[in-house]
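S.K.:
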Amino acid sequence: MKGWWLFVTLLLTAGPGLAEEIYAFETDAQRQIFKELTEELRCPKCQNQNIADSDALVAQDLKRKVHELMQQGYDKQQVIDYMKQRYGDFVYYQPPLSPATVWLWLGPLLFILLAAAVLVWRRRSAGNQLDPELLARADKWLEKDK
Amino acid sequence: MKRIALFLLPLALFLFISLFLLQGLFSDPRERESSLLNRPVPAFSLPDVMDETRIYTPEVFEGEVTLLNVWGTWCVTCAIELPFLTELKEQGVRIVGLYYEQNLDPDFGGKSIGQIRADIRQKLDQLGNPYAFNIFDHSRDTSLDLGVTGAPETFLIDSQGRIRLHHVGDLNPRVWESRFAPLYQELTQ
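Residue numbers (UniProt numbering), protein chains in the order written: chain A, 1 to 146; chain B, 1 to 189.
1) Starting from V102(A), find everything on chain B with Cβ-Cβ shorter than 7 Å and list it in chain order.
2) Under 7 Å between beta-carbons, which chain B residues line up against V58(A)? List them in chain order, please.
3) Apart from the five residues just before and just after I51(A), which ones in its own chain have a Cβ nearer than 6 Å to its Cβ?
4) Who are the neighbours of Q102(B) on chain A, taking C-beta pairs under 9 Å?
5) In or out: G72(B) buried (at least 16 other Cβ within 10 Å) or exposed?
6) Please decide whether R174(B) counts as near chain A, where near means a Cβ-Cβ distance under 7 Å.
7) Between the alpha carbons of A151(B) and L85(B), how many angstroms are there, rounded?
8) Does the segment 17-27 of chain B come close enough to the segment 109-125 of chain B to have 3 or more Cβ pairs within less than 8 Å?
9) Indicate whether at least one CB of chain B lies closer than 7 Å to the CB of Y23(A).
10) Helix or strand or just coil, what does DSSP make of W141(A)?
11) Please identify, using Cβ separations under 8 Å, the residues of the segment 31-62 of chain B that lie next to chain C, in order along the chain.
12) Skipping 5 residues on each side, what residues in its chain have a beta carbon closer than 6 Å to that of P16(A)?
13) Relative to the C-alpha of T57(B), which residue among T142(B), R32(B), K89(B) and Q91(B) is closest?
14) Can you name the start and end residues of the beta strand (DSSP E) that V79(A) belongs to?
15) Quick test of the definition: if touching needs 3 or more C-beta pairs under 8 Å, does the segment 113-133 of chain A touch the segment 64-73 of chain A?
16) Does any C-beta atom of chain A lie closer than 7 Å to the C-beta of L68(B)?
17) Grouping DSSP H, G and I as helix and E and B as strand, with all else coil, what is F34(A)?
18) Around the Cβ of K65(A), are there at least 16 other Cβ atoms within 10 angstroms (buried) or fewer (exposed)?
19) Quick check: R162(B) and P40(B), are their CB atoms within less than 7 Å of each other?
20) Please report the straight-line C-alpha distance between L88(B) and C46(A), rounded to a whole angstrom.
21) Whose CA, out of L187(B), E186(B), G169(B) and T188(B), lies closest to the CA of L80(B)?
22) Roughly how many angstroms lie between the CA atoms of L18(A) and T53(B), to the nearest whole one?
23) Would you mind giving the Cβ-Cβ distance between R82(B) and L13(B), rounded to the nearest angstrom? I have them listed as a contact below 8 Å.
24) Looking at the unbroken alpha helix (DSSP H) that takes in G114(B), where does it start and where does it end?
And the structure:
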């Protein structure tokens, strides 16, 4: 039982122990770009985390590399290209436009068009289906109210 | 007519979504085509993990088909694949290790080189030594250049030193038969 509590305590305190590395920058603009990059680059190991969020070893390596490249004068796009060259398009959250990914943009568009077409079609056919007899009765009631 | 359409349309939609989700069950989200495929191994100059005076460059891959296995003694799955890798070596497959140590990182407590060497010797004595030699990627820069996401990972490199296959995860008999063996046979012929 005692050992179990020790285990739980260790688990609870393990997180803060792995505190984020501190990266130094000369300007605020650079710090901002670093922040953007680490939020937009995806951790290749942990699938749905960016490298800013992840504590995986590879995410730390990528963060360190981003910092290193920025110190060498790489701009944002150059850092992204550097990472894509090694880890593929997967590593960047914004997918490129390609025959396979074009449906990400076309899909919603097609859906909206289809939905609009269905709405128009239904409205039109509903209009045609008005029963002439019902209309006559409605007209009669309207007459009465006058 | 309209009745039938009202019945068939949702059915078709249901089948389409089911099939889409079904294939998701059998796909491996880690499986991605390496962006380095058919490209030469990126430049490096790294020491042997057992002897820092021996320096390796990508030339070590020229002239022979090689498996480059990324591993570390800290990695549990790597220990599991060691016996199978040793079997492959006994069948004549040339296997080179790319060793990296997370414990060198001050973040992880740090570990001396002497300790690392003792750990490696112990591990290989216990489970078999498949490696012709081990390249020590001490700063993990070469792993990053290779697009390595963790350990174990294995590359199949042809005799011109080009990467032909990148496998993420352990190398077991099933993976060897389905992914590696056909290409390996083709390359060694």
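The beta carbon of each residue, even a glycine, is placed where N, CA and C say it ideally should be.
M.R.: According to the data block:
1) Sequence index remark: in the first sequence, residue 102(A) carries index 102 (1-based). The premise fails here: V102(A) is roughly 18 Å from chain B at the closest Cβ pair, so nothing lies under 7 Å.
2) Against the first sequence, residue 58(A) aligns to sequence position 58. Result: T149 and G150.
3) Taking the first residue of the first sequence as position 1, residue 51(A) is located at position 51. Once the five neighbours on either side are set aside, the close Cβ partners of I51(A) are T38, L41, C43, A59, L62 and K63.
4) Here the question's residue 102(B) lines up with position 102 in the second sequence. Simply L57.
5) Taking the first residue of the second sequence as 1, we reach residue 72(B) at position 72. When all chains shown are included, G72(B) counts as buried.
6) Position 174 of the second sequence, counting from 1, holds the residue named residue 174(B). No, its Cβ sits nowhere closer than 7 Å to a Cβ of chain A.
7) Locating residue 151(B) in the second sequence gives position 151, counting from the first residue. Locating residue 85(B) in the second sequence gives position 85, counting from the first residue. Distance between the alpha carbons of A151(B) and L85(B) is about 14 Å.
8) no
9) Numbered from 1 along the first sequence, position 23 holds the residue referred to as residue 23(A). No, Y23(A) lies away from the interface with chain B (no Cβ there is under 7 Å from its Cβ).
10) The residue labelled residue 141(A) in the question sits at position 141 within the first sequence. Looking at W141(A) - three-state DSSP - the assignment turns out to be helix.
11) The chain inventory of the structure shown lacks chain C, comprising the protein chains A and B.
12) Numbered from its first residue, the first sequence carries residue 16(A) at position 16. Reliability of the predicted coordinates at P16(A) is poor, the pLDDT of 44 falling under 50, and no value is obtained from them.
13) By one-based count along the second sequence, residue 57(B) stands at place 57. Per the Cα distances, T142(B).
14) Reading the first sequence from its first residue, position 79 is the one you call residue 79(A). Note, V79(A): premise wrong, no beta strand (DSSP E); alpha helix (DSSP H) at K76 to Y87.
15) no
16) Stepping through the second sequence from its first residue, residue 68(B) is reached at position 68. Chain A, which has no Cβ nearer than 7 Å to the Cβ of L68(B), makes this no.
17) Translated into the one-based positions of the first sequence, residue 34(A) becomes position 34. Correct three-state label for F34(A): helix.
18) Looking up residue 65(A) in the first sequence gives position 65. Flag for K65(A) reads buried.
19) The residue you call residue 162(B) lines up with position 162 of the second sequence. The residue you call residue 40(B) lines up with position 40 of the second sequence. Contact flag set, yes.
20) One-based indexing of the second sequence puts residue 88(B) at position 88. One-based indexing of the first sequence puts residue 46(A) at position 46. Approximately 30 Å, taken between the alpha carbons.
21) To locate residue 80(B), count along the second sequence from 1; it is residue 80. What sits at residue 80(B) in the sequence shown is Ile, not Leu. When each option's Cα is compared against that of I80(B), the closest is G169(B).
22) As a first step, residue 18(A) is located in the first sequence; it is residue number 18 there, counting from the start. As a first step, residue 53(B) is located in the second sequence; it is residue number 53 there, counting from the start. Only weak support is given to the placement of L18(A): the predicted model assigns it a pLDDT of 45, under 50, and the value that follows is read from those uncertain coordinates. Whole-angstrom Cα-Cα distance: 34 Å.
23) Stepping through the second sequence from its first residue, residue 82(B) is reached at position 82. Stepping through the second sequence from its first residue, residue 13(B) is reached at position 13. Per the sequence shown, the amino acid found at residue 82(B) is Leu instead of Arg. In fact, because the Cβ distance is near 49 Å, the residues do not count as touching under 8 Å.
24) Walking along the second sequence from the start, residue 114(B) turns up at place 114. Per DSSP, G114(B) belongs to the alpha helix (DSSP H) from I113 to L127.
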